[in-house]
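Enquirer: Quick mapping for you: the protein sequence lines, in order, are chains A and B. Per this note's numbering, the first sequence starts with residue 345, numbered consecutively. Per this note's numbering, the second sequence starts with residue 345, numbered consecutively. Don't be surprised by glycine CBs; every beta carbon is placed ideally from N, CA and C. All values derive from a computational prediction rather than experimental measurement. Structure provided below as structure tokens; questions to follow.
Protein chains: 2
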Amino acid sequence: MSDQPTSKRRRPQQARSQQRVEHILGTAAGLFAEQGYEAVSTNHIARAACVSIGSLYQFFPNKEAILDALVDKYLNDMQEALIGRIEEAPSLEDAVQRIVQGMQRFGKSHKAFKHVFAEVQLAAVTDRIHTTVVGWIEAMLGEHYPQLAPEQCHAGAEVSLCIVKGMMLVYDRPTGLTREQLSAEMQAALLAYIHDLVRRNGITPGA
Amino acid sequence: MSDQPTSKRRRPQQARSQQRVEHILGTAAGLFAEQGYEAVSTNHIARAACVSIGSLYQFFPNKEAILDALVDKYLNDMQEALIGRIEEAPSLEDAVQRIVQGMQRFGKSHKAFKHVFAEVQLAAVTDRIHTTVVGWIEAMLGEHYPQLAPEQCHAGAEVSLCIVKGMMLVYDRPTGLTREQLSAEMQAALLAYIHDLVRRNGITPGA
DNA sequence: TTGAAATATGAGCAATTACTCGTATTATAA
DNA sequence: TTATAATACGAGTAATTGCTCATATTTCAA
């Protein structure tokens, strides 16, 4: 996603510094997840990672660069964890299940992601993720329903992502439902919408 | 929602100070909407409202109290703007339309609300809103489908709110869809899910 | 008219913010 | 072994944060 330096700063060249950068990122992810991006300071991150503030700024030109690096990582991880599996899905129902469960797993193991993804004021960063994921869903819809016009695919993808986003906001809230129930309901909601979409466009839903 | 003092601070008693408090709240709402809660300082609010920082702290014991007061106001406004209309809705389809359009209107005229509602890290405040709104939707479902078990109503309400929340996150994003299209799609999504829910529970959807 | 309560003011405080820079410690290639 | 580049360090900077408090002004009942 970015091979040139993320920053004007030095890129880590020796093994120890590469490990350090990884470690800083991991620590930052944890803190962001717990307290949110704005509430976490760079000094805070450095202290928690047992790294001097100077070392942190050796590799990250500013606070936002840390978040950017995290987002790069997340988009890559998501691509691996989700997209491969979605393309292999034999049916739309299967694809929907993989999306919902994949997102759930991903949100669980990368809690900071949920913040970044849902936080409204980090518009630039959020946009990158949003656009990327909409593209994936759009492609999936187009593949399963070639008769669907491109604009319809796009609209469907935007709305589907709405649903998935709302879903992620609610996963760690005490809803009275188990994760499995929530997951099942969200799959049902997504499928119900998609089936409705294609039906409205005069296509008989497959399977 | 709270008649006793919001704070340990003086309650405004004279007309001029009541106006001032209103004005501070309005200004804060605007700033929160533009920049998010964390990014806006109390000094900032005071300056923008043309009020000294001391006056601000005369009526609000701390920054959070400003947000709390806003949420009180929003929940009241929402109750008036939405709930009355929902209870009068002749059909579920109509109720869904009123919810989606009401939320949209509300998000438009109270932009700060969107932030507060969706922001993950303001857990306490967000919870109040979430719980309140889930209750409303739950009641609506129970009324339109008396055969639906209370847990089913609750589950349905939680998932429906997920969808509405995701919706609010996306309204002012360049999606390539007009507001009307988005609104229509979201109504369709909500209805598709609810119809699916009652169908799965062996009830033939009305109308 | 008077005086006490309500309201208004903003300089200023301690704490924290994102970030710099001079210096010290490593690693590596010659 | 040595010299140069890479890495590490953390005291220190200016700016900003949420918030206080002594003082000044306004309101209104008596």
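Do Ile-389 (chain B) and Thr-371 (chain B) have their beta-carbon atoms positioned less than 9 Å apart in this structure?
Expert: Contact: yes.
Enquirer: Within the 9 Å Cβ cut-off, does Gly-446 (chain B) reach chain A?
Expert: Chain A, which has no Cβ nearer than 9 Å to the Cβ of Gly-446 (chain B), makes this no.
Enquirer: Chain A beta carbons: is any one of them nearer than 9 Å to that of Leu-436 (chain B)?
Expert: No, Leu-436 (chain B) lies away from the interface with chain A (no Cβ there is under 9 Å from its Cβ).
Enquirer: Just by C-beta distance, which residues in the segment 362 to 386 of chain A are closer than 8 Å to chain B?
Expert: Flagged, chain order: Gln-379, Gly-380, Glu-382, Ala-383.
Enquirer: Whether or not the segment 531 to 544 of chain A and the segment 529 to 541 of chain B are in contact is what I'm after, with contact meaning three or more pairs of Cβ atoms, one per stretch, closer than 8 Å; do they touch?
Expert: Touching, yes.
Enquirer: I need the straight-line Cα distance from Gln-525 (chain A) to Ile-430 (chain A), nearest angstrom please.
Expert: About 22 Å.
Enquirer: Could you have a look at Tyr-418 (chain A) and say whether DSSP puts it in helix, strand or coil?
Expert: Helix, per DSSP.
Enquirer: With DSSP as the reference, label Pro-494 (chain A) as helix, strand or coil.
Expert: Pro-494 (chain A): helix per DSSP, three-state reduction.
Enquirer: Determine the extent of the alpha helix (DSSP H) in which Gly-370 (chain B) is found, giving its start and end residues.
Expert: Segment 359 to 379, the alpha helix (DSSP H) holding Gly-370 (chain B).
Enquirer: What residues from the segment 514 to 526 of chain B come within 8 Å of chain A, judged by C-beta to C-beta, listed N to C?
Expert: Cβ contacts with chain A: Val-514, Arg-517, Thr-519, Gly-520, Leu-521, Gln-525, Leu-526.
Enquirer: Return the first residue and the last residue of the alpha helix (DSSP H) that Arg-543 (chain A) is part of.
Expert: Looking at the DSSP string, the run of the alpha helix (DSSP H) that includes Arg-543 (chain A) is 523 to 544.
Enquirer: Using alpha carbons as the reference points, say which of B:Gln-496, B:Pro-356, B:Cys-506, B:Gln-491 lies closest to Ile-547 (chain B).
Expert: For Ile-547 (chain B), the nearest C-alpha among the options comes from B:Gln-491.
Enquirer: What three-state label does DSSP hand Phe-404 (chain A) in the structure shown?
Expert: Reduced to three states, the DSSP call for Phe-404 (chain A) is coil.
Enquirer: Do Val-514 (chain A) and Leu-505 (chain B) have their C-beta atoms closer together than 9 Å?
Expert: A contact, by the Cβ cut-off of 9 Å.
Enquirer: Going along the chain, which residues of the segment 479 to 511 of chain A sit with their C-beta nearer than 9 Å to a C-beta in chain B?
Expert: Listed in sequence order: Glu-495, His-498, Ala-499, Gly-500, Glu-502, Val-503, Ser-504, Leu-505, Cys-506, Ile-507, Val-508, Lys-509, Gly-510, Met-511.
Enquirer: List, in chain order, every chain B residue whose beta-carbon is nearer than 7 Å to that of Tyr-418 (chain A).
Expert: Near Tyr-418 (chain A) there are no residues of chain B at all, since even the closest Cβ is about 16 Å away, more than 7 Å.
Enquirer: Distance, Cα to Cα, His-620 (chain B) vs Ser-361 (chain A)?
Expert: Residue 620 (chain B) is absent from the structure shown; chain B starts at 345 and stops at 551.
Enquirer: Applying the 10 Å Cβ sphere with the 16-neighbour rule, what's the burial state of Gln-357 (chain B)?
Expert: With fewer than 16 other Cβ atoms within 10 Å, it is exposed.
Enquirer: Is Ile-410 (chain A) near Leu-369 (chain A), with beta carbons less than 9 Å apart?
Expert: Yes, they are a contact pair.
Enquirer: So, does the CB of Ala-551 (chain B) fall closer than 9 Å to a CB anywhere in chain A?
Expert: Reliability fails at Ala-551 (chain B), whose pLDDT of 43 lies under 50, so the model's placement of it is uncertain and the value that follows must be treated cautiously. No, Ala-551 (chain B) lies away from the interface with chain A (no Cβ there is under 9 Å from its Cβ).
Enquirer: Give the secondary structure of Ile-410 (chain A) by DSSP, where H, G and I count as helix, E and B as strand, and everything else as coil.
Expert: Residue state, collapsed to three classes: helix.
Enquirer: Could you tell me which of A:Val-444, A:Val-384, A:Phe-403 sits nearest to Met-422 (chain A), measuring between CA atoms?
Expert: It is A:Val-444.
Enquirer: Please tell me whether Gln-465 (chain A) has its Cβ less than 9 Å away from any Cβ of chain B.
Expert: Confidence is the limiting factor: at Gln-465 (chain A) the pLDDT is only 48, short of 50, which leaves the residue's position unreliable, though a coordinate-based value still follows. Chain B contact via Cβ: present.
Enquirer: Determine the direct distance from the alpha carbon of His-488 (chain A) to that of Arg-544 (chain A), and round the result to whole angstroms.
Expert: Taking the straight line joining both Cα atoms gives about 16 Å.
Enquirer: Have a look at Gln-441 (chain A) and Met-484 (chain A) and give me their C-alpha separation to the nearest angstrom.
Expert: Computed Cα separation, rounded: 13 Å.
Enquirer: Less than 9 Å between the C-beta atoms of Ile-481 (chain A) and Gly-510 (chain A), yes or no?
Expert: No, Cβ-Cβ distance for Ile-481 (chain A) and Gly-510 (chain A) is not below 9 Å.
Enquirer: Who are the neighbours of Ala-536 (chain B) on chain A, taking C-beta pairs under 8 Å?
Expert: In chain order: Ala-533, Ala-536, Tyr-537, His-539, Asp-540.
Enquirer: So, is the C-beta of His-388 (chain B) closer than 9 Å to a C-beta in chain A?
Expert: So, not an interface residue.
Enquirer: When the Cα atoms are used, what is the spatial distance from Cys-439 (chain A) to Met-447 (chain B)?
Expert: Residue 439 (chain A) is actually Ala in this sequence, not Cys. Their Cα atoms are separated by approximately 31 Å.
Enquirer: Could you compute how far the alpha carbon of Val-415 (chain B) sits from the alpha carbon of Val-384 (chain B)?
Expert: Spanning the two alpha carbons is a distance of roughly 17 Å.
Enquirer: Can you round the beta-carbon distance between Val-503 (chain B) and Glu-529 (chain A) to whole angstroms, since I take them to be within the 8 Å contact cut?
Expert: 5 Å between Cβ atoms; contact.
Enquirer: Along the chain, where does the alpha helix (DSSP H) that runs through Thr-386 (chain B) open and close?
Expert: 386 to 392 is the span of the alpha helix (DSSP H), which, as asked, contains Thr-386 (chain B).
Enquirer: Does Met-422 (chain A) get closer than 9 Å to chain B when you measure Cβ to Cβ?
Expert: Not one chain B Cβ lies under 9 Å of Met-422 (chain A).
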